[in-house]
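Presented below is the structure to which this report refers.
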Amino acid sequence: MKQENKSVHGVWGSRWVFILAATGSAVGLGNIWRFPYITGENGGGAFVLLYLLCIAVVGIPIMAAEVMLGRKGGLSPINTMRKLAGESKVTQRWAGIGHMGVLSAFLILSFYSVVASWALYYAWEAVAGGFQGITAAQSGARFDALLADPWLMMGCHTLFMVLTMVVVGRGVKGGLEKAVEILMPLLFVLLLVLVGYAATTPGFKEGLLFLFEPDFSKLNGKVVITAVGQAFFTLSLGMGAIMAYGAYMPREAAGKKGGKPKPVSIMSTVIIIALLDTLVALGSGVAMFPLIFSNDLQVGQGPGMMFVTLPLAFGQMPGGMLFGSLFFILVVSAAWSSSISLGEPVVAWLVERGLSRGVA
Numbered sequence: 080m081k082q083e084n085k086s087v088h089g090v091w092g093s094r095w096v097f098i099l100a101a102t103g104s105a106v107g108l109g110n111i112w113r114f115p116y117i118t119g120e121n122g123g124g125a126f127v128l129l130y131l132l133c134i135a136v137v138g139i140p141i142m143a144a145e146v147m148l149g150r151k152g153g154l155s156p157i158n159t160m161r162k163l164a165g166e167s168k169v170t171q172r173w174a175g176i177g178h179m180g181v182l183s184a185f186l187i188l189s190f191y192s193v194v195a196s197w198a199l200y201y202a203w204e205a206v207a208g209g210f211q212g213i214t215a216a217q218s219g220a221r222f223d224a225l226l227a228d229p230w231l232m233m234g235c236h237t238l239f240m241v242l243t244m245v246v247v248g249r250g251v252k253g254g255l256e257k258a259v260e261i262l263m264p265l266l267f268v269l270l271l272v273l274v275g276y277a278a279t280t281p282g283f284k285e286g287l288l289f290l291f292e293p294d295f296s297k298l299n300g301k302v303v304i305t306a307v308g309q310a311f312f313t314l315s316l317g318m319g320a321i322m323a324y325g326a327y328m329p330r331e332a333a334g335k336k337g338g339k340p341k342p343v344s345i346m347s348t349v350i351i352i353a354l355l356d357t358l359v360a361l362g363s364g365v366a367m368f369p370l371i372f373s374n375d376l377q378v379g380q381g382p383g384m385m386f387v388t389l390p391l392a393f394g395q396m397p398g399g400m401l402f403g404s405l406f407f408i409l410v411v412s413a414a415w416s417s418s419i420s421l422g423e424p425v426v427a428w429l430v431e432r433g434l435s436r437g438v439a
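Read in order, the letters of the sequence shown correspond to residues 80 to 439 in the numbering used here.
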């Protein structure tokens with residue numbers, strides 16, 4: 080087998096930086112509100128077991144394969160597949176997988192950034208005390224007013240995309256690596272603070288039961304498809320991001336003092352990423368649902384829960400301004416790290432075609 084190609088874009092500073100970066104790609108809006116909700120609606124603990132099975136049997140092997148291909152090629156997903164096809168003396172049509180991955184990432188970013196910009200606006204509203212004493216009607220009207228104001232949404236979206244592309248434009252070492260070294264520890268700290276607060280609320284037990292009480296009667300074919308889909312989405316599979324990040328993965332990790340560097344294990348690294356991603360998803364549910372049940376609110380679906388129900392909860396509970404601010408900063412951090420990974424595959428490809436990173 081030919082030697083792996085060193086990435087022309089740079090290499091992560093260490094194995095743990097790659098783990099933080101890949102976890103940042105995986106952790107996003109789907110973890111914060113979609114996963115907790117579908118868990119409660121599809122059998123609670125029974126769905127969690129099914130989801131973990133999908134992660135283990137389907138998600139981890141595919142993620143390992145994407146990392147392996149990326150590290151072997153050392154380029155963007157498109158050119159990695161083209162180069163590996165040439166080295167293997169098979170048809171160049173395999174490059175189509177790279178094209179589909181990059182296109183998927185770009186299309187996902189086109190809607191992901193819109194929802195993320197809503198979270199950015201709500202983070203400002205929370206910090207400014209906009210949720211204090213809010214009623215259900217006012218909370219719903221606030222979200223409707225945001226959707227009805229194209230200039231406000233465009234401004235928030237532009238700001239979020241500028242934040243994303245500034246990081247991507249600075250490259251692997253100066254942009255992506257520095258961003259994840261700040262964003263991911265911040266995300267974990269904020270999540271732990273919110274879970275700790277949720278544990279003190281009267282609805283904590285009810286929230287845990289909603290998430291984890293198994294109801295095997297709800298398991299059916301549709302639930303299985305939901306679990307598989309969530310496994311793909313939450314691990315950023317099939318969208319070029321993990322393959323692109325794999326291209327920057329170091330080949331060796333520093334050994335003990337005086338010892339030789341050791342090869343980086345792809346499989347053990349991927350397992351750690353999957354575990355961290357799952358912990359964030361479950362932790363988000365543990366942080367959110369006790370707040371909702373403590374305030375006798377209805378569990379909403381999709382954007383309604385994050386942008387209507389939760390602001391109402393923060394507006395009614397003690398310390399709501401502080402914890403509401405922390406929650407939406409958590410959401411923006413998760414969305415930001417994911418958007419960076421979604422923008423990287425197409426930018427890397429454009430750089431390989433001769434553009435500077437800034438122009439790309």
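Glycine residues also receive a C-beta, built at the ideal position from the N, C-alpha and C atoms.
How would you label residue i, buried or exposed, when you count the other beta carbons within 10 angstroms and need 16 or more for buried?
i	result
E166	exposed
Q448	Given a span of 80 to 439 for the chain in the structure shown, any question on residue 448 remains unanswerable.
A105	buried
L140	Strictly speaking, residue 140 in this sequence is Pro, with Leu absent from that position. Exposed, since its Cβ has fewer than 16 Cβ neighbours within 10 Å.
Q171	exposed
I261	exposed
L108	buried
M80	Confidence in M80 is poor, its pLDDT being 43 and thus under 50, which makes the residue's placement unreliable; the coordinate value appears in the next sentence. Its Cβ having fewer than 16 others within 10 Å, M80 is exposed.
W91	buried
R94	buried
T243	buried
M318	buried
F283	buried
D356	buried
V425	buried
F289	buried
F368	buried
T237	exposed
Q395	buried
M322	buried
L263	Residue identity differs from the one stated: residue 263 is Met in this sequence, not Leu. Answer is buried; the Cβ neighbour count reaches 16.
T279	exposed
G122	buried
F393	buried
G180	buried
E145	buried
R150	buried
F372	buried
A414	buried
L226	exposed
G437	exposed
Measure how close the beta-carbons of residue i and residue j come, nearest whole angstrom, since I'm counting them as under 8 Å.
i	j	result
I157	A174	6 Å
S218	P390	5 Å
A205	M400	7 Å
S155	A427	4 Å
V359	L270	6 Å
V87	V259	The Cβ separation is near 20 Å, so there is no contact.
F185	Y276	37 Å between Cβ atoms; not a contact.
G124	E292	6 Å
G248	G89	Not quite, the Cβ-Cβ distance comes to about 13 Å (not below 8 Å), so this is no contact.
G364	T159	Rounded, the Cβ-Cβ distance is 36 Å, inconsistent with contact.
Going by C-alpha distance, which of the options is nearest residue i?
i	options	result
F222	V194, V246, T237 and M240	V194
G152	A105, P281, R330 and L129	R330
F239	V438, A439, V425 and I419	I419
I352	T102, R94 and V90	T102
L131	A164, E120 and F114	F114
W112	F97, S189, A198 and T159	A198
H178	P229, M384, R161 and S189	R161
S416	G138, M322, L266 and L182	L266
L99	S435, G422 and S412	S412
N110	A306, I371, I350 and T388	A306
N374	A439, I213, L231 and L314	I213
V246	S435, G422, L429 and R432	G422
S404	G209, P229 and F190	G209
F126	G89, G248 and V302	V302
F386	G433, L316 and A216	A216
L273	P229, V410 and L354	V410
M147	A224, T348 and L129	T348
Y201	E292, F406 and N299	F406
I345	G362, R432 and G325	G325
G234	V268, K257, G254 and S192	S192
T313	L354, P397 and G398	L354
G300	W230, L129 and G89	L129
W203	I408, A414 and V430	I408
L316	S183, M232 and K297	S183
G398	L298, E431, K257 and L370	L370
Under 7 Å: does the beta carbon of residue i sit that close to some heavy atom of the ligand PLP?
i	result
G149	This structure simply doesn't include the ligand PLP, nor any ligand for that matter.
Original post:
Can you list, in chain order, the stretches of the alpha helix (DSSP H) that have 4 or more residues and sit fully within the stretch 213-271?
Top reply: As far as the stretch 213-271 is concerned, its whole alpha helix (DSSP H) runs of at least 4 residues are 215-226 and 229-248.
**OP:** Could I get the ranges of all uninterrupted alpha helix (DSSP H) runs contained in the stretch 290-314, with 4 residues as the minimum, in chain order?
**Re:** 300-313
**OP:** With a floor of 4 residues, list each alpha helix (DSSP H) that falls wholly inside the stretch 87-115, ordered by position along the chain.
**Re:** 94-105
Original post:
Which runs of the alpha helix (DSSP H) spanning at least 4 residues fall entirely within the stretch 142-205, listed in chain order?
Top reply: 156-166
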